[in-house]
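Have a look at the structure below, then the notes.
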DNA sequence: CCCACATCTGCACGCATGTTCATATGTTAG
DNA sequence: CTAACATATGAACATGCGTGCAGATGTGGG
């Protein structure tokens, strides 16, 4: 792909179906890509969780409120308690939130500072995206 | 939701449908939540983009390869050129990547360091998630 | 014990989205 | 000019996923 490349290095069993310009660079890139399992864990992990507006609201509520029970989270975000509980299950499973039980009550809070960090970067990106 | 709260502070037009425990805290949380538009921009922005395995692969390819044309990105990630181009359109629209044109060739690269930062945090989360 | 309460869970539906297919668009070579 | 090339784009389909609904589970009070 750089200026010295032999343009049109056609590879693959069906040459017309797989084109590339800079074979060595493509191979180097492929070798550095993580295993598919890790890619899935990233995509379906915190990124996937933060890619939903209601889960974002939940997490931001926890950032502000510290620790909140399910019904207060539902009230804060305008979600049903069922949807809230579903969402929290996912957040628990990915270790984004932790739960403290007190009798019938379940209080949720953020497990670590990663959500805040991620939000900071994303907001920074939005702010500077107009350059 | 804290120990001093009046439990069962029922509010709303349909009282049975909206429960909360700590009214003042819920209100404070609601007041701090960003506008719906900002929430959507976050969810559909970098988080949404990174929540897809193929787009993750594309971005990681750019992290390693620096600048790559569409067909090399497709070859690196194992995606079709059409799917690659579609994905790049989204990444362009959200200012995650930039494009340099040279004749028929379009070379893509990351626009800033935000993707790297986000990936660092997400990987950190995965690594420490087992604590 | 029964009943109330708070939350969790499973199933499935409706909606969202990534990819395929076909074509459009822009650049270049002969 | 025509044809080839690289990429972009639109429509639609197949797949994925968030939420509603119903019920299950666990805790606590009388």
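Protein chains in written order, with our numbering: chain V, -13 to 117; chain S, -13 to 117.
Quick reminder that beta carbons are idealized off the backbone N, C-alpha and C, glycines included.
Counting contacts by CB-CB distance shorter than 9 Å, is residue 43 (chain V) in contact with chain S? The sequence position of residue 43 (chain V) within the first chain is 57, counting from 1. The Cβ of residue 43 (chain V) sits closer than 9 Å to at least one Cβ of chain S.
Residue 95 (chain S), enclosing beta strand (DSSP E) - first and last residue: Translated into the one-based positions of the second chain, residue 95 (chain S) becomes position 109. Residue 95 (chain S) -> beta strand (DSSP E) spans 91 to 96.
With 16 as the cutoff for other CB atoms within 10 Å, does residue 17 (chain S) come out buried or exposed? The residue labelled residue 17 (chain S) in the question sits at position 31 within the second chain. Flag for residue 17 (chain S) reads exposed.
Is the stretch 78 to 94 of chain V touching the stretch 21 to 35 of chain V in the sense that three or more CB pairs, one from each, lie closer than 8 Å? yes
Members of the stretch 57 to 73 of chain S near chain V, C-beta cut-off 7 Å: 57, 58, 61 and 62
Could you give the distance in angstroms between the alpha-carbon of residue 27 (chain V) and the alpha-carbon of residue 75 (chain S)? The residue given as residue 27 (chain V) occupies position 41 in the first chain. The residue given as residue 75 (chain S) occupies position 89 in the second chain. When rounded, the distance between both Cα atoms is 24 Å.
Where the beta strand (DSSP E) containing residue 87 (chain V) begins and where it ends: Residue mapping note: residue 87 (chain V) aligns to position 101 of the first chain, counting from 1. Residue 87 (chain V) -> beta strand (DSSP E) spans 83 to 88.
Which of helix, strand or coil does DSSP assign to residue -1 (chain V)? Within the first chain, numbered from 1, the residue matching residue -1 (chain V) stands at position 13. Low confidence applies to residue -1 (chain V): its pLDDT is 35, below 50, so where it sits in the model is not reliable, and the reading given next is rough at best. DSSP places residue -1 (chain V) in coil when its eight states are reduced to three.
Using a C-beta cutoff of 9 Å, does residue 37 (chain S) count as contacting chain V? Translated into positions along the second chain, residue 37 (chain S) becomes position 51. The beta carbon of residue 37 (chain S) sits closer than 9 Å to some beta carbon of chain V.
Cutoff 7 Å; reference residue 52 (chain V); Cβ partners in own chain excluding five residues on either side: Position 66 of the first chain, counting from 1, holds the residue named residue 52 (chain V). The residues are 95.
Report the neighbours of residue 23 (chain S) on chain V: residues whose CB is nearer than 9 Å to its CB, in chain order. Start at 1 with the first residue of the second chain, and residue 23 (chain S) comes out as number 37. The contacting residues do not exist; residue 23 (chain S) stays about 10 Å from chain V at best.
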